[in-house]
Amino acid sequence: MRYLLTPLLLLFSACTSIDYGNHVAGWPTLREEIHVVSTNEMHAACSKYDGFMMVALACSEYYLDDGICKIWVTDGGGWAEKHERGHCEGYDHQGSNELRDIFVKWKKGHL
19 MRYLLTPLLL LFSACTSIDY GNHVAGWPTL REEIHVVSTN EMHAACSKYD
69 GFMMVALACS EYYLDDGICK IWVTDGGGWA EKHERGHCEG YDHQGSNELR
119 DIFVKWKKGH L
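So in the numbering used here, the last one in the sequence shown is 129, and the numbering has no gaps at all.
The structure is reproduced here in structure tokens:
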């Protein structure tokens with residue numbers, strides 16, 4: 019069991035690190051809509067963002083045209099909400115450019 023636990027901890031810790039030095043230049047200020055829901059509701063909203071061997075603990079969705087960022091969490095005010103608020107503010111995970119790619123794609127459609 020100990021050998022299984024270590025990779026799982028690494029897997030979950032890797033997806034919880036926001037790089038506050040990795041802000042998307044020009045990211046708009048988004049109004050946050052925080053949805054504190056049951057685990058089943060959160061999984062229904064977030065499962066489409068799960069990666070290989072990943073299970074979302076929360077997620078955020080960006081509606082840049084409307085200036086809204088929807089956050090789906092089960093623990094209102096907890097660490098997952100704080101993490102997703104970081105994404106709403108334009109900060110990405112360490113080593114990731116996913117938000118930048120979303121922003122660039124959106125911006126190209128609006129020039």
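Glycine residues also receive a C-beta, built at the ideal position from the N, C-alpha and C atoms. What you are looking at is a predicted structure, and each value in this text was computed from that prediction instead of being measured.
**Neighbourhood of Val-122 by C-beta distance below 7 Å, restricted to the same chain and skipping five residues each side** = none
**Item:** Trp-45, DSSP secondary structure in three states
**Value:** Three-state DSSP puts Trp-45 in coil, outside helix and strand.
**Request:** Spatial neighbours of Gly-94 within its chain, please: CB distance less than 8 Å, with the 5 preceding and 5 following residues excluded, ordered by chain position.
**Result:** Ile-52 and Val-54
**Asked** Apart from the five residues just before and just after Leu-82, which ones in its own chain have a Cβ nearer than 6 Å to its Cβ?
**Response** Answer for Leu-82: Trp-124, listed in chain order.
**Prompt:** Between His-61, Gly-85, Gln-112 and Asp-84, which lies nearest to Cys-77 when the distance is taken from Cα to Cα?
**Reply:** His-61
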